[in-house]
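Here the sequence shown stands for residues -21 to -1, 1 to 142, where the numbers follow mature numbering (1 follows the signal peptide of the UniProt record, and there is no 0). Beta carbons are placed, not taken as given, at the ideal position from N, Cα and C, and that holds for glycine.
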Amino acid sequence: MKRTKTALVLLSFLILASASAFSVKAQVAVQGETIWTMAGENITNGVILIGANGKIEAVGTAAQVKIPSNYKVVTAKVVTPGLIDAHTVIGLNGYLNQPHDQMAVDGSAPIQPELRAIDAYNAEEKLIEWVRQFGRDDDSHWTFAAIVGFGADDDRQNFRQEC
């Protein structure tokens, strides 16, 4: 009986391992009303094709770039290079989460237009160094997304879309 259970557990593990080893990553087409390329003029009504390897295959207007039928289509108002997480506290909150090193939230008033993030930002914070070890945003589209939990996920191809 014990051998049967062990064999079933092993068989289940092998099936799951082989299924994940042969999974096909989705190819994605991102349609954007405005695409900021950082290499000249913005593209209006543009398309970005991202291949199964996570690399950008094409960028251009919808007239220039045809979307293949097997691509998953994601639409956005604005598309920017890299990942911008406007809610990040990297550089504002300390690496070890100490009270004296938490500059992300000042609860003394609900609206504080006089405060500037640049005044509280610590470019030498160890948390910044820790995040940088995961790579730059031009190495792969998922490095920072995996850290902050937003953006494209290579395995599940989930996208956060909010207006």
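Three-way DSSP call (helix, strand, coil) for residue i in this model
{"i": "residue 143", "result": "Residue 143 lies beyond the range of the chain shown here (-21 to 142); nothing can be said about it."}
{"i": "isoleucine 107", "result": "helix"}
{"i": "isoleucine 27", "result": "strand"}
{"i": "isoleucine 90", "result": "coil"}
{"i": "alanine 18", "result": "coil"}
{"i": "alanine 8", "result": "strand"}
{"i": "asparagine 137", "result": "Bear in mind that a pLDDT of 45 at asparagine 137, under 50, signals an unreliable position, so the number given afterwards is only what the model happens to contain. Coil, per DSSP."}
{"i": "alanine 37", "result": "strand"}
{"i": "alanine 99", "result": "helix"}
Close Cβ partners of residue i (< 8 Å) along its chain, the five nearest in sequence each way excluded
{"i": "alanine 96", "result": "Leu71"}
{"i": "leucine 106", "result": "Ile69, Gly70, Asn72, Gly73 and Tyr74"}
{"i": "threonine 13", "result": "Asn21, Ile22, Thr23, Gly25, Lys56, Val57 and Val58"}
Neighbourhood of residue i by C-beta distance below 6 Å, restricted to the same chain and skipping five residues each side
{"i": "methionine 17", "result": "Pro60"}
{"i": "glycine 11", "result": "Gly25, Ala55 and Val58"}
C-alpha gap between residue i and residue j, whole angstroms
{"i": "tyrosine 74", "j": "proline 89", "result": "26 Å"}
{"i": "alanine 37", "j": "glutamate 20", "result": "16 Å"}
{"i": "valine 53", "j": "alanine 31", "result": "15 Å"}
{"i": "glutamate 104", "j": "lysine 45", "result": "44 Å"}
{"i": "serine 87", "j": "aspartate 98", "result": "17 Å"}
{"i": "lysine 34", "j": "tyrosine 100", "result": "32 Å"}
{"i": "glutamine 77", "j": "glutamine 112", "result": "22 Å"}
{"i": "valine 9", "j": "tryptophan 15", "result": "13 Å"}
{"i": "glutamine 43", "j": "aspartate 80", "result": "50 Å"}
{"i": "isoleucine 27", "j": "alanine 102", "result": "33 Å"}
{"i": "glutamine 6", "j": "glutamate 108", "result": "32 Å"}
CB-CB length for residue i against residue j, believed under 8 Å
{"i": "alanine 40", "j": "isoleucine 29", "result": "As written in the sequence, residue 40 is threonine, which differs from the alanine given in the question. Between isoleucine 29 and threonine 40 the Cβ distance is about 17 Å, and since that is not below 8 Å, they are no contact."}
Within 8 Å, do at least three Cβ pairs link the region 45 to 54 to the region 87 to 96? At 8 Å Cβ cutoff, the stretches do not touch.
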